[in-house]
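Numbering (our numbering), first residue to last: 8 to 254.
Written out as structure tokens, the structure is:
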């Protein structure tokens with residue numbers, strides 16, 4: 008490699024040999040990296056301000072493919088993947104192509120539901136990711152990547168088929184901004200994932216399946232200032248939370 012280092016434009020490396028090849032010489036024309044079989048902790052450490060990778064390649068890398076080894080159980084796997092993605096985009100300031108989901112078998116799922124990271128890029132053009140659910144797509148398409156023209160997504164979970172009304176003659180598409188500033192929120196179904204909607208005063212609930220007790224607890228938490236609720240549902244609850252009468 009030292010003899011041809013000035014000709015190298017792309018390197019594909021696996022975790023065990025990564026450091027040896029990356030730092031054995033300088034690569035003045037290197038603009039693409041493929042990093043494979045990284046352990047989560049290794050990937051987390053690699054994309055921080057303290058590493059050599061940051062100081063050497065932060066302005067140079069335009070394309071990155073990264074495969075993080077998802078073997079083994081971790082309760083915070085999605086959060087760690089999201090943390091790594093955030094640092095990649097923050098660190099590689101000229102990045103135009105990022106493939107964070109190169110394997111269709113072992114999904115590197117991301118989640119923005121509980122704590123959306125403050126990431127922005129005006130250079131990123133193409134992004135490949137795996138997401139926990141469809142709602143996470145809205146986070147990526149809210150304008151934070153204002154030059155993005157191609158988005159490839161694997162979605163881990165779609166709404167249950169039980170929540171789909173196959174007898175309806177027409178479909179519905181509801182797109183909402185964040186933060187949600189309207190006073191009404193209509194046609195909430197069982198697939199509602201929660202949130203905090205402090206501007207909403209009126210809501211309507213509709214579903215072909217029954218609304219259970221836990222769903223109404225979620226509604227109460229999500230709409231703390233609600234003044235009017237309209238319910239359209241003909242199915243009785245299966246798990247009623249009624250106090251037992253004394254004999």
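Just so you know, even glycine gets a beta-carbon here, dropped at the ideal spot from N, CA and C. Owing to the predicted nature of the structure, the values given are computational and were not obtained by experimental measurement.
What residues are listed by DSSP as bridge partners for residue 19?
Per DSSP, 41.
If I follow the unbroken alpha helix (DSSP H) through residue 88, where does it start and stop?
Its alpha helix (DSSP H) spans residues 84-98.
Distance check for residue 239 and residue 83, CA to CA, integer angstroms please.
Between residue 83 and residue 239, the C-alpha separation is close to 37 Å.
Quick check on DSSP: helix, strand or coil for residue 221?
Residue 221: helix per DSSP, three-state reduction.
For my contact list, residue 103 and residue 131 are in at a C-beta cut-off of 8 Å; report their separation, rounded to the angstrom.
Contact flag correct, Cβ pair sits at about 6 Å.
Is the Cβ of residue 54 closer than 8 Å to any Cβ of chain B?
As a matter of chain content, chain B is missing from the structure shown, which is built from one protein chain.
Taking residue 198 as the reference, which of 207, 187 and 219 has the closest Cα?
Selected option, being the one with the closest Cα: 219.
Output needed for residue 72: all residues of its chain with C-beta closer than 6 Å, excluding positions within five of it in sequence on either side, in chain order.
If we look at residue 72 and ignore the five residues flanking it on each side, its Cβ neighbours are 41, 106 and 109.
Which residues bound the beta strand (DSSP E) around residue 192?
Start and end: 191-195.
Mapping DSSP to helix, strand and coil, what is residue 47?
Reduced to three states, the DSSP call for residue 47 is helix.
Would you report the Cα separation of residue 125 and residue 88, rounded to the nearest angstrom?
So the alpha carbons of these two residues sit roughly 15 Å apart.
Is it true that the CB of residue 234 sits closer than 8 Å to the CB of residue 205?
Cβ atoms of residue 205 and residue 234: not closer than 8 Å.
Compute every distance between the C-beta of residue 124 and the non-hydrogen atoms of the ligand GDP, then say whether any falls below 7 Å.
Absent from the structure shown: the ligand GDP. Ligands present: none.
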